[in-house]
Structures are given as structure tokens and as C-alpha cells.
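From first to last, the protein sequence lines are chains A and B. Those letters in the first sequence? Residues 1 to 400, by our numbering. Those letters in the second sequence? Residues 1001 to 1121, by our numbering. From the three backbone atoms N, C-alpha and C, an ideal C-beta is built for every residue, glycine too. Worksheet: one structure, shown below.
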Amino acid sequence: MGDPLYAHGIDLAVVLITILKVILTFLFLLLGVLLYIWWERKFISDLQNRIGPDRAGPHGILQSLADGIKVFFKEDLAPTEADRRVYRLAPYLAAVPAFSAFAIIPIGDKISIAGHQTYLQLADPPIGILFLLAMSSIAVYGVFLAGWSSGSKYPLLGSVRASAQMISYEAAMSLAVATAVLATGSLSTRAIFVHQSVWNWNLWQLGVVPFGIYMVAATAEVNRPPFDLVEAEQELVGGYMTEYAGVRFALYYLAEFMNTITVSAVAVTLFLGGPSGPHINFLPALWPVVWFFLKLFAFVSFYVWLRATLPRLRYDQLMDLGWKRLIPLALYWLLLIAALRVGDDAHWPWGVNHGALNAITVVAAAAGAGVVFFGGLGAAIRVGAKRVEEETARAGGVRA
Amino acid sequence: MSEFLRQYLTVAIFGGAAILMVALMLGVGRLVRPTRPQGQKYLNYECGVDPVGSGWSQSHVRYYIFALLFVMFDVEAVFIFPWAVRLDAMAVFGLVEMTIFIVVLALGLLYAWRKGVLRWI
């Protein structure tokens, strides 16, 4: 339980290893964002049949670095209408949780440095995945306060939109995460990843649906297309960060990309077995890291593909999808997996292989129970709608 | 410090480092950027046209209603996570208990749905 680094008290070596891990994680996140921005621009250019950045460095790979440096030399303008203290606080509230959330992601196996064993993971606290949910809740403040404190119309609109969207999908996301927790019986991200083996991922074991819910909810949570209503240029100019300039603006940009990387990493950890992969005898400590980054890369590229392919949703469609589809489905699937698990332990006679929730059982049980559940739900709504119509007719066509 | 708390130590250090990092970026920006104040620069940008009236406009009450609904589901998550961790200990009892809880909650959602709260106009 927990990182073995801290099992025998704290001495200088432990402190140094901790600091080294902190620095490495920062380097990874910052470099990751720089490369991801470049990759997003380059990949989307390919998808749209154009060239994209190609001036700074080979294939324009230094483009985001150049943009980053430029931003430091921009004048910092805060509108006089703004609530200055909150206006300055908000970028911290967006960027710090974005950094912190990555702390719980397991990147590789156990390694030993200078006689100390440690996980390739910044921290493995027992609450693990709850920490991630907490950080994504704090990020909502960063977005909301930015728009509110700007004292400007479009940022305010953008921020109420953003916070309504983010909290709506957070409900669905935490239910999907709870399903993965249910399969493992632990909140620790490492325990969740160890529970899955090379190919026996939670993705199959839980019957794909929680993964789908998580992906949709996470996309909305980080305001990536097709859920980027928060910064719909045609309606809201730049969204909640319209009034920000210079470094503060760049911090929001940074936070957004870091969040995308983090939710992808969480998807890899929860549903795709994290760093687990085929065992290779040559350099055994290296390969888990390679598997992890391959999976992560697939996810972040998937987000770019989504952006190039799907048009933006309308706000009512967004809310309908969140509250009327994802949340009922997530609640239902949570109970289904719980029932399968309890039945599995108690040897109920429905032929589940002991010790494994396999995809076929899950899908079969889901199909049966789903028809009953959603059929019942639909019937209830139709009956209700009919009654409203009757009452409206009785009241002479005036709707209450 | 117990081993339990030491696991959080790294998280705390990392959080502190993140705050420092952001402060550092803003600090470096302050050192190198130019400052040439001019009245018009400090107007709200909004959409590029000079702003009319106050920026503190009212927004639709519907956002607030969704926030209330979210609180309901967030409190529910508070119960679901401990339950999910300890399900094998509670077995059938836990399953029945949670089913009742979720059905009650789903009825609440259904009620809100029928009342038209979830309809976004």
C-alpha cells in the first residue's frame, strides 16, 4: 500500500528522490504540452489537407516554444472594470489544479534508486482517484472566477456556460470512475492499474460503456471539441478568458492542454491497464513507460481527430446528453456491475466465470436489464407527457 | 509523521511547486514585458467594439437550477465511492441498499425531468 519510498522514515536520499520526481513530472508536463500543441496543429493540418507550422525548427516542432516565449514579452493588460484581486487569483486556480492532478498517474513500475525502491509515479495516496475529482472541481473555480472577475459581458456568459457544462459532466464522470473503482475495490490509482493485466483491461471487463461515458464526460470536462461551447468564437469571442492578456492568458491555454493530457492519462489508467503491457526481458523497467506513453499518445491524438471531425454541439443538446442520457446510463451501469460482482462472489447461478467479469456476460445482462430500465423510463415519460397534454387541453390550451 | 501522511507529502510538495511555478512565470513576465499605459488599452475588449453599459449582466436562472441538481449528484457520489470500495464486504445487503438509494435518486431526476427543469430553451 502506498509508495515503498516512504516505508522506512525520511532521510536525505528520500527527500532528494522526491524532489527529483517532482522536477521530472514538471518537465514532462511542460514539454508534453509544448509537443502536444505542436502535434495538434500539425496533425489537424494533415487532416485538413494543409501544411501547418513549418518555420520554427524541423517540421515546425519549436513553434509552440516560440509562441510561449513571445507571450512573456506581451504587455499585461487588466481592464479597469475588472475585480483586480479575483482577476489575478483566477489563473492560479486554473493552472495549479491542472498541474497537481497529474501527481497520481502511475507511469511505470517499481524502480530502485540509491538503495531506495520507488514507483514511477509521483504519489500514490490512498484516496488516489478522489484527488483527481477534487482537482477537476477546483478547476471550475478557475474558469468561473476568470469570467466573473473580468467585468465584461462575453466572458461572464462564457464562464456561466462553462461552469454549468463542467459540473453537469462531472456528475457523469464520477459515476463512470466509480464503476472502475467498483471493479477493483480500491481508490488508489496504482491498485486499479495493477488489478488489470496485460490485455485484461477494465475496458472489456466493465463492458465498454463506462469507458464511453468517461470519454464523453472527460471531453466535456476539459472543454475540448465538440464540447467547446465555452469558447465558441462566433458567439462568445474568446469565452471566459477574453479579457486576459500575456502570461495570464497563456496560463489558461497551458491549463487546458495539461487537463487534456491528464484526463487521457486517467482514461489509460482506469480503463486501458495503465503502464501494463507485454513483458520484454530487455530493459524491463523501460517498457511499462513505453506502453504508457503509447496509450497516452493514442488518446491525445484521438482528441485532435475529434476536433477535426465533429461540429460543435448546441447548448440544449449538450445538456440533454449529459443529464438525460449519460447520467441515467451511468447510474444503471453502476448497479449492473455491482450486481454482477456481488453475484460473482456469492456464486449465483447465472454462469459468471468466477473471479472475472467478462464482456459477454456484461453485455448479455445489460441488454436484458437495459430494455426493462429504459423501457420503463420511456413509458413513464410518455404517460407523463400525455397527462400534461390532457391537462393543457382541459385548461383551454393554456399550458401551466 | 506516519507512513499514511508521508504519502501525501509528495502531493503537498508538488502542489506547492505548482504554485511557485505559476508565480515564477508571472514574475518573469513582469520583468521582461513592456509597460506603456494608455487609457484605451484598459477598456474591456468584449468583442472589439467599445463596451456599452455595465459588464455585470444578469444570466439565466437555469444555470443556477443545474448547479442545484449537480449538488444532489455530487452528494450522491460521496456515498457511492465508499460503497464501491467496500462492496465485497457488504455483498447482497450493500447491493440492495444502494439500489434503493439510486432508485430514489433516479425518481428525483425523473421528477425534475417531467417538471421540465432539464429542458433548455
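Task: Neighbour flag for B:Gly1108 against chain A, beta carbons, 8 Å - done: Taking 8 Å as the threshold, the shortest C-beta distance from B:Gly1108 to chain A does not fall below it.
Task: Closer than 9 Å at the beta carbon, the chain B residues around A:Pro91 - done: At a C-beta separation below 9 Å, A:Pro91 has these neighbours in chain B: Val1022, Leu1026.
Open item on the list: Runs of 4 residues minimum, wholly inside the stretch 199-251 of chain A: which ones carry the alpha helix (DSSP H) assignment?
Closed with: Segments of the alpha helix (DSSP H) lying fully in the stretch 199-251 of chain A: 202-205, 209-221, 233-236.
Task: Contact set between B:Asp1074 and chain A, taken where Cβ atoms lie within less than 9 Å - done: Contact note: B:Asp1074 reaches chain A through Ser137, Ile167, Glu170, Ala171, Ser174, using a C-beta cutoff of 9 Å and chain order.
Task: Per-residue contacts from B:Val1011 into chain A (C-beta, under 9 Å) - done: Ser100, Ala103, Ile104, Leu122, Ala123, Pro125, Phe131, listed in chain order.
TODO: Starting from B:Gln1007, find everything on chain A with Cβ-Cβ shorter than 8 Å and list it in chain order.
DONE: Ordered by position in chain A, the residues that pass the 8 Å Cβ test against B:Gln1007 are Gly2, Asp3, Tyr6, Ala123, Asp124, Pro125, Pro126.
TODO: Alpha carbon to alpha carbon, how far is A:Val71 from A:Asn353? Give it in angstroms, no decimals.
DONE: With a pLDDT of only 48 at A:Asn353, under the threshold of 50, the placement of this residue in the model should not be trusted; the figure read from the coordinates follows. So the alpha carbons of these two residues sit roughly 58 Å apart.
Open item on the list: For B:Ala1023 and A:Ser163, I'd like the C-alpha separation in whole angstroms.
Closed with: Spanning the two alpha carbons is a distance of roughly 25 Å.
TODO: Tell me whether A:Ser112 sits in a helix, a strand or coil according to DSSP, three-state version.
DONE: Residue state, collapsed to three classes: strand.
TODO: May I have a chain-ordered list of the beta strand (DSSP E) segments no shorter than 3 residues that lie completely inside the stretch 1003-1028 of chain B?
DONE: Within the stretch 1003-1028 of chain B, no complete beta strand (DSSP E) run reaches 3 residues.
Open item on the list: In the DSSP assignment, the alpha helix (DSSP H) including A:Lys42 goes from what residue to what residue?
Closed with: Its alpha helix (DSSP H) spans residues 12-47.
Open item on the list: Using CA atoms only, rank isn't needed, just tell me which of A:Ser168, A:Gly239, A:Phe257, A:Phe299 is closest to A:Val268.
Closed with: When only C-alpha atoms are compared, the closest one is A:Phe299.
Open item on the list: Can you tell me whether A:Tyr119 is helix, strand or coil according to DSSP?
Closed with: DSSP places A:Tyr119 in strand when its eight states are reduced to three.
Task: Contact check, A:Pro275 vs B:Leu1043, beta carbons under 8 Å - done: Not a contact, by the Cβ cut-off of 8 Å.
- [ ] Tell me whether A:Gly151 sits in a helix, a strand or coil according to DSSP, three-state version.
- [x] For A:Gly151, the three-state secondary structure derived from DSSP is coil.
Task: Min CB distance B:Glu1046 to chain A below 8 Å - done: The beta-carbon of B:Glu1046 is placed less than 8 Å from the nearest beta-carbon of chain A.
Task: Closest Cα partner of A:Pro97 within the set A:Leu29, A:Leu65, A:Ser159, A:Ile111 - done: Closest by alpha carbon: A:Leu29.
Task: Helix, strand or coil at B:Trp1120 according to DSSP, with G and I counted as helix - done: Coil, per DSSP.
TODO: Tell me, please, whether the CB atom of B:Glu1003 is closer than 8 Å to any CB atom in chain A?
DONE: Judged by the 8 Å Cβ criterion, B:Glu1003 is in contact with chain A.
Open item on the list: I need the straight-line Cα distance from A:Ala245 to B:Ile1019, nearest angstrom please.
Closed with: Their backbone Cα atoms lie some 20 Å apart in a straight line.
TODO: Report the residue from A:Phe131, A:Gly68, A:Ala82 whose alpha carbon sits nearest the alpha carbon of B:Gly1029.
DONE: Proximity to B:Gly1029 across A:Phe131, A:Gly68, A:Ala82 peaks at A:Gly68, based on C-alpha coordinates.
TODO: Check whether the Cβ atoms of B:Ile1102 and A:Leu335 lie closer than 8 Å to each other.
DONE: For B:Ile1102 and A:Leu335, yes; Cβs fall inside 8 Å.
Open item on the list: Please tell me whether A:Val372 has its Cβ less than 8 Å away from any Cβ of chain B.
Closed with: No, A:Val372 lies away from the interface with chain B (no Cβ there is under 8 Å from its Cβ).
Open item on the list: Just verifying my parser: in three-state terms, what is the DSSP assignment at A:Gly355?
Closed with: Note that A:Gly355 scores a pLDDT of 47, beneath 50, so its modelled location is shaky and nothing firm can be said.
Open item on the list: Less than 8 Å between the C-beta atoms of A:Ile111 and A:Leu122, yes or no?
Closed with: It is not a contact, given that the beta carbons lie outside the stated cut-off.
- [ ] Check whether the Cβ atoms of B:Ala1084 and A:Ala365 sit closer than 8 Å, and answer yes or no.
- [x] Result no, Cβ atoms of B:Ala1084 and A:Ala365 do not sit closer than 8 Å.
Open item on the list: For the alpha helix (DSSP H) containing B:Thr1099, name the first residue and the last one.
Closed with: For B:Thr1099, the enclosing alpha helix (DSSP H) starts and ends at 1087-1114.
Open item on the list: Tell me which residues share the same chain as A:Asp54 and place their Cβ nearer than 8 Å to its Cβ, disregarding the 5 neighbours each side in the sequence.
Closed with: For A:Asp54, where only same-chain residues beyond five positions count, the Cβ hits under 8 Å are Gly60.
Task: Beta carbon proximity, B:Val1061 to chain A, threshold 8 Å - done: With 8 Å as the cut-off, B:Val1061 does not count as an interface residue toward chain A.
Task: Contacting residues, own chain, Cβ-Cβ under 7 Å from B:Glu1076 (five flanking each side not counted) - done: Its chain contains Leu1105 as the residues whose beta carbon lies nearer than 7 Å to that of B:Glu1076, once the 5 sequence neighbours on both sides are disregarded; these appear in chain order.
Open item on the list: Does chain B have any CB closer than 8 Å to the CB of A:Pro210?
Closed with: Taking 8 Å as the CB threshold, A:Pro210 stays off the interface with chain B.
- [ ] Using a Cβ-Cβ cut-off of 8 Å, state whether B:Asp1088 counts as contacting chain A.
- [x] True, the Cβ-Cβ gap to chain A drops below 8 Å.
Task: Contact check, A:Phe144 vs B:Arg1033, beta carbons under 8 Å - done: The answer is no: Cβ separation not under 8 Å.
Open item on the list: When you compare the CB of A:Ser186 with every CB in chain B, is at least one pair closer than 8 Å?
Closed with: Interface flag for A:Ser186 against chain B is set, since a Cβ pair is found closer than 8 Å.
Task: Assigned secondary structure, A:Asp124 (DSSP; H/G/I helix, E/B strand, else coil) - done: Three-state result, A:Asp124: coil.
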